[in-house]
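Read the structure below first, then the notes.
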Amino acid sequence: THFGFKTVAAEEKVSMVAGVFHSVAAKYDVMNDLMSMGIHRLWKRFTIDCSGVRPGQKVLDLAGGTGDLTALFSRRVGPTGQVVLADINESMLNVGKDKLRDLGLVNNISYVQANAEALPFADNSFDIITIAFGLRNVTDKDAALRSMFRVLKPGGRLLVLEFSKPTQEWLSKVYDVYSFKLLPAIGQLVANDRESYQYLAESIRMHPDQATLQQMMDTAGFAQTSYHNLTGGIVALHRGYKF
Ligand code: SAM
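Sequential numbering from 4 applies to the sequence shown in the numbering used here.
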């Protein structure tokens with residue numbers, strides 16, 4: 004049946020995503036710098052700047068992986084604030100933990116293994132939630148957005164940083180060649196793992212475009228949703244509020 008097919012596909016996606024991130028965890032940061040030519044750092048800084056984060060606030064870095072955003076937030080919220088790095092994948096969490104501890108960031112960070120679709124936090128817990136390059140990997144994105152809405156405090160904001168759709172036709176073509184030909188080749192060469200980076204390219208292609216994601220945030224209950232294209236729409240930062 005159609006329902007049966009969907010269930011199998013969802014289970015397959017969950018185990019495939021788990022396999023991909025167990026496999027890439029150790030080389031994740033190096034590959035990020037390499038594949039984006041360092042530009043992911045600028046996208047992440049922009050996200051922090053748009054978050055309006057202030058000292059003392061409580062932040063959830065969902066699908067936080069190796070903790071780039073957590074590190075930036077940790078410094079901004081200071082000793083009276085708190086950052087929770089949540090990720091479904093133990094390998095990614097462990098790499099993140101080690102990295103942040105090496106950076107000397109220990110006092111205001113906690114680590115939680117959790118699925119974005121069913122967050123293990125009380126209602127109205129966080130001032131800010133970010134999910135960077137994570138929503139794409141989640142099987143039931145609508146459930147995840149509802150779960151984020153629930154744990155966000157009234158007045159709080161959600162920021163979704165994710166690959167999106169290039170706004171120019173020529174860029175779209177260049178980017179297709181890059182992601183479907185070059186990316187898997189780099190993955191093979193540097194990480195000896197062509198398949199994970201093939202998945203990356205395919206998951207980017209499948210992900211909802213700017214307007215669709217905005218609509219999904221509206222449906223989940225977020226108010227005043229908007230988005231900002233970065234690098235010609237290769238990436239977009241979506242923002243929404245809970246009122
Ligand atoms: N946010 C980090 C960054 O920007 O560098 C890591 C992004 S990484 C591409 C995607 C992360 O999403 C992985 O660490 C993966 O384990 C996590 N993830 C995938 N599915 C998830 C889910 N359902 N719930 C929580 N995290 C998930």
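C-beta atoms are modelled at their ideal positions from N, C-alpha and C, and glycine is treated no differently.
> Excluding the five sequence neighbours on either side, which residues of its own chain have a C-beta within less than 7 Å of the C-beta of VAL3, listed in chain order?
Replying inline: Within the shown structure, residues of the chain are numbered from 4 to 246, placing residue 3 beyond reach of any answer.
>> Quick test of the definition: if touching needs 3 or more C-beta pairs under 8 Å, does the segment 178-197 touch the segment 110-130?
In response: no
> Is LEU72 near the ligand SAM, in the sense that its beta carbon is under 7 Å from a heavy atom of that ligand?
Replying inline: Residue 72 sits at position 69 when you count from the first residue of the sequence shown. Yes, the ligand SAM has a heavy atom inside 7 Å of this Cβ.
>> I need the straight-line Cα distance from ASP2 to THR50, nearest angstrom please.
In response: No information on residue 2 is available, as it lies outside the stretch 4 to 246 that the chain covers here.
> Do three or more CB pairs link the segment 113-128 to the segment 79-88 at distances below 8 Å?
Replying inline: yes
>> On the criterion of 16 or more Cβ atoms from any shown chain inside 10 Å, does VAL238 qualify as buried, or is it exposed?
In response: Numbered from its first residue, the sequence shown carries residue 238 at position 235. The residue is buried, with at least 16 neighbouring Cβ atoms inside 10 Å.
> Run through DSSP, which three-state label would GLU120 get?
Replying inline: Locating residue 120 in the sequence shown gives position 117, where the first residue counts as 1. GLU120 falls in the coil class under three-state DSSP.
>> Just to check my reading of the structure: ILE132 and LEU65 have Cβ atoms closer than 8 Å, yes? What is that Cβ distance to the nearest angstrom?
In response: What you label residue 132 is simply residue 129 of the sequence shown in a count that begins at 1. What you label residue 65 is simply residue 62 of the sequence shown in a count that begins at 1. That belief holds up - the Cβ atoms of ILE132 and LEU65 are roughly 6 Å apart, short of 8 Å.
>> Can you tell me whether GLN218 is helix, strand or coil according to DSSP?
In response: Taking the sequence shown and counting its residues from 1, one reaches residue 218 at position 215. Of the three classes helix, strand and coil, the one that applies to GLN218 here is helix, per DSSP.
> At what residues does the beta strand (DSSP E) containing PRO211 begin and finish?
Replying inline: Counted from its first residue, the sequence shown places residue 211 at position 208. Per DSSP, PRO211 belongs to no beta strand (DSSP E) and is neither H nor E.
> Hey, how far is the Cα of LEU138 from the Cα of HIS241?
Replying inline: Here the question's residue 138 lines up with position 135 in the sequence shown. Here the question's residue 241 lines up with position 238 in the sequence shown. Going from the Cα of LEU138 to the Cα of HIS241 covers about 12 Å.
> Taking 7 Å as the cut-off, is the CB of MET95 close to at least one heavy atom of the ligand SAM?
Replying inline: The sequence position of residue 95 within the sequence shown is 92, counting from 1. Yes - the ligand SAM has a heavy atom lying nearer than 7 Å to the Cβ of MET95.
> From SER39 to THR215, what does the alpha carbon distance come to, in whole angstroms?
Replying inline: Position 36 of the sequence shown, counted from the start, is the residue given in the question as residue 39. Position 212 of the sequence shown, counted from the start, is the residue given in the question as residue 215. If you take the alpha carbons of SER39 and THR215, they lie about 24 Å apart.
> Considering ARG57, what are the terminal residues of the alpha helix (DSSP H) in which it resides?
Replying inline: As a first step, residue 57 is located in the sequence shown; it is residue number 54 there, counting from the start. From DSSP, ARG57 is part of no alpha helix (DSSP H); its letter is neither H nor E.
>> Taking the beta carbon of THR83 as the centre, do at least 16 other beta carbons fall within 10 Å, making it buried, or is it exposed?
In response: Looking up residue 83 in the sequence shown gives position 80. Exposed.
>> Quick check on the DSSP output: what are the complete alpha helix (DSSP H) runs of length 4 or more inside the segment 26-97, in order along the chain?
In response: 31-39, 42-54 and 71-80
> So which of LEU63, PRO169 and ILE134 has the shortest CA-CA distance to PRO123?
Replying inline: What you label residue 123 is simply residue 120 of the sequence shown in a count that begins at 1. PRO123 has its Cα closest to that of LEU63, out of LEU63, PRO169 and ILE134.
> Less than 7 Å between the CB of ASP90 and some heavy atom of the ligand SAM, yes or no?
Replying inline: Numbered from its first residue, the sequence shown carries residue 90 at position 87. Under cutoff, so the answer is yes.
> Residues in its own chain within less than 6 Å of SER128 by CB, not counting five upstream and five downstream?
Replying inline: The residue given as residue 128 occupies position 125 in the sequence shown. Closer than 6 Å at the Cβ level, and outside the excluded window around SER128, lie VAL154.
>> If distances are taken between C-alpha atoms only, which option among VAL163, ALA119 and GLY159 comes closest to ALA135?
In response: Counting from one through the sequence shown, the residue named residue 135 turns up at place 132. The residue with the shortest Cα to Cα distance from ALA135 is VAL163.
>> Short of 7 Å in beta carbon distance, which residues of its chain neighbour GLN60, apart from the five on each side in sequence? Order them along the chain.
In response: Here residue 60 refers to the residue found at position 57 of the sequence shown. So the list reads VAL80, GLY84, ASP130 and ILE131, once near-sequence residues are dropped.
> Just reading off the beta strand (DSSP E) that ILE183 is part of, what are its end residues?
Replying inline: As a working mapping, residue 183 is identified with position 180 in the sequence shown. It should be noted that the sequence gives Phe, not Ile, for residue 183. PHE183 -> no beta strand (DSSP E), and no H or E assigned at all.
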